[in-house]
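Asker: Residue numbers (our numbering): 1 to 296. Glycine residues also receive a C-beta, built at the ideal position from the N, C-alpha and C atoms. Every value quoted in this text rests on a predicted model; they were computed, and no experiment measured them. Can you read through this structure? Questions will come right after.
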Amino acid sequence: VVYSGDLRWHGSAAEETKRFIHEVASLRPRLLLCEGTRIPKDAEASELELTNYTEREVYDRALRKVQAEQGLVIADFGPRNIERLETFLGIARETRRKLVILAKDAFLLEMMGLVSPSVPGPSNSDDMLIYKDLRYRVEPWEEGLREQSGSRLVSARQVRDSPGDYILCFSFWDAKNLIDINVQGGLYVYSSSEAYTEEQEMDFERLRNWLGHFGMRSVGLPYEKRQSISALPEEEQGLHSSGHASADDIMDFVREIGPQTVVPIHTENPGYFLEHLRNTDVEVAIREYGGSLTFG
1 VVYSGDLRWH GSAAEETKRF IHEVASLRPR LLLCEGTRIP KDAEASELEL TNYTEREVYD
61 RALRKVQAEQ GLVIADFGPR NIERLETFLG IARETRRKLV ILAKDAFLLE MMGLVSPSVP
121 GPSNSDDMLI YKDLRYRVEP WEEGLREQSG SRLVSARQVR DSPGDYILCF SFWDAKNLID
181 INVQGGLYVY SSSEAYTEEQ EMDFERLRNW LGHFGMRSVG LPYEKRQSIS ALPEEEQGLH
241 SSGHASADDI MDFVREIGPQ TVVPIHTENP GYFLEHLRNT DVEVAIREYG GSLTFG
C-alpha cells in the first residue's frame, strides 16, 4: 500500500519526487492512496486554473516586480515555506536589498538549522535581518534572540529612513507594524494560496484596507471578495507555486506507478480519476462519504 502524500515535479526536491516514483513503481503496489488537491472541481476549469507554475517561474516573475519598485517591498508567503524563503532571499540579493523576517520566524529557522544546516537563517546569511518591533513586553525566548543577533536587528525607523533597502516578510497579521514604519507607497507581493474560507476572505479585505491606507499597491492579491487568483491579470499570475502537483502530473504519476487500484483522496472530484484513467489497467475505487473499502 502506497500513500502519495503531497508532491510536485519542480523546486529543489524535484529529483526526490522522480526517485520516489521510480522506486514505488518497482514495487508494483496493490493499492495507491493518491491526493488530488488540484484536481479541477468540474470540466469548466479554465486554462489558468490548470497552469502549473514552477518555483523558478515564481522567482523570475517576482524578481521583475521587485526590480521595478524603488520603495518598500513586502513579501507575503507561508512562514514555513523554506523554498519560498530561499526564492525571496535570492531576489533580495539580486536587487541589493536585505530580507527582513520576524523574530518568531528567525527562531524557527535557527532551530531548523540545528537539524538541517542548509536551512537559511540570520546566523548563516548576511542578507537576512530580523525585524525589531516596538512591543513593550518581549518574551524570554525573543530577548535571547535579540541578544544573540545584535547588528542583525533592524528597527521601524531604519526601514522608514531607507525603505528601498528592504524586503519585509510580513503577512496580514503583521500589517500593524506598518503603523510604526509609516511609509507611503511601495509594493506588496502576495505569494501564497488564495482564500478558502469566508474568514480568510475577510482577512483579505482587511489587508486591502491596510494597503490602501498606506498607498501601497499589491500584486498577486485578489482585488475583491471571492475572486480567484487565477482570475487576476496575466501579469499578476505566477507569483505563487503550489505545493501540490497539477491534475496532469497526478494522472502521469498514477500511470507511471501502475498500481492495481488507486483510491483518490483529498479531492472534491474523484470522478476525474475515473475519466482520465479509463484506458489504463488501473482500477479506480471511490469511497462513498462515510463508507469504507475492503481490498484483498
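Output the residue ranges of the alpha helix (DSSP H) runs that lie fully inside the stretch 51-135 and measure 4 residues or longer, sorted by chain position.
Answerer: Counting whole runs of 4 or more residues, the stretch 51-135 contains the alpha helix (DSSP H) stretches 55-67, 82-94, 103-115.
Asker: In this structure, does DSSP put Pro264 in helix, strand or coil?
Answerer: Counted from its first residue, the sequence shown places residue 264 at position 264. Three-state result, Pro264: strand.
Asker: Identify which residue in Leu232, Pro264, Val66 has its Cα closest to the Cα of Phe88.
Answerer: To locate residue 88, count along the sequence shown from 1; it is residue 88. The shortest Cα separation from Phe88 among Leu232, Pro264, Val66 belongs to Val66.
Asker: Taking the beta carbon of Gly36 as the centre, do at least 16 other beta carbons fall within 10 Å, making it buried, or is it exposed?
Answerer: Taking the first residue of the sequence shown as 1, we reach residue 36 at position 36. Classification for Gly36: buried.
Asker: Using only the alpha-carbon positions, how far apart do Val282 and Ser4 sit?
Answerer: Counted from its first residue, the sequence shown places residue 282 at position 282. Counted from its first residue, the sequence shown places residue 4 at position 4. Between Val282 and Ser4, the C-alpha separation is close to 16 Å.
Asker: I'd like to confirm the pairing. Which residues does DSSP put opposite Ile167 in its beta bridges?
Answerer: Here residue 167 refers to the residue found at position 167 when the sequence shown is read from its first residue. According to DSSP, Ile167 bridges with Val73, Leu99.
Asker: List the endpoints of the continuous beta strand (DSSP E) containing Val154.
Answerer: As a first step, residue 154 is located in the sequence shown; it is residue number 154 there, counting from the start. Taken as a continuous stretch (DSSP letters only), the beta strand (DSSP E) holding Val154 covers 153-155.
Asker: Hey, would you say Arg30 sits closer than 8 Å to Pro270, going by beta carbons?
Answerer: Mapped onto the sequence shown, residue 30 falls at position 30. Mapped onto the sequence shown, residue 270 falls at position 270. No, the pair does not count as a contact, with Cβ atoms beyond the cut-off.
Asker: Suppose contacts are defined by Cβ-Cβ distances below 8 Å. Is Gly149 in contact with Val58 by that definition?
Answerer: For the purposes of this step, residue 149 is identified with residue 149 of the sequence shown, where counting begins at 1. For the purposes of this step, residue 58 is identified with residue 58 of the sequence shown, where counting begins at 1. The sequence shown places Ser at residue 149, rather than the Gly named in the question. Going by C-beta atoms, Ser149 is not nearer than 8 Å to Val58.
Asker: For Pro163 and Asp126, what's the separation of their Cα atoms in angstroms?
Answerer: Stepping through the sequence shown from its first residue, residue 163 is reached at position 163. Stepping through the sequence shown from its first residue, residue 126 is reached at position 126. Near 18 Å, if we compare the C-alpha coordinates of Asp126 and Pro163.
Asker: Of the choices Leu85, Ala75, Leu33, whose alpha-carbon is the least far from that of Ser12?
Answerer: Taking the first residue of the sequence shown as position 1, residue 12 is located at position 12. Nearest option by C-alpha distance: Leu85.
Asker: Does the beta-carbon of Ser297 have 16 or more other beta-carbons within 10 angstroms, so that it is buried, or is it exposed?
Answerer: One cannot answer for residue 297 here, as it falls past the ends of the chain, which runs 1 to 296.
Asker: Whose C-alpha, out of Glu83, Met128, Asn81, is nearest the C-alpha of Arg96?
Answerer: Taking the first residue of the sequence shown as 1, we reach residue 96 at position 96. When only C-alpha atoms are compared, the closest one is Met128.
Asker: Determine contact between the stretch 94-109 and the stretch 206-218, defined as no fewer than three beta-carbon pairs at a distance below 8 Å.
Answerer: Touching, no, given that fewer than three Cβ pairs across the two stretches are closer than 8 Å.
Asker: For Ala25, which residues of its own chain have a beta-carbon under 8 Å away from its beta-carbon, when the five flanking residues on both sides are left out?
Answerer: For the purposes of this step, residue 25 is taken as residue 25 along the sequence shown, with counting starting at 1. These residues qualify, in order along the chain: Glu256, Ile257, Gly258.
Asker: Comparing C-alpha positions only, which one of Met251, Asn279, Val159, Asn124 sits nearest to Ile74?
Answerer: Reading the sequence shown from its first residue, position 74 is the one you call residue 74. Among Met251, Asn279, Val159, Asn124, the Cα nearest to that of Ile74 is on Val159.
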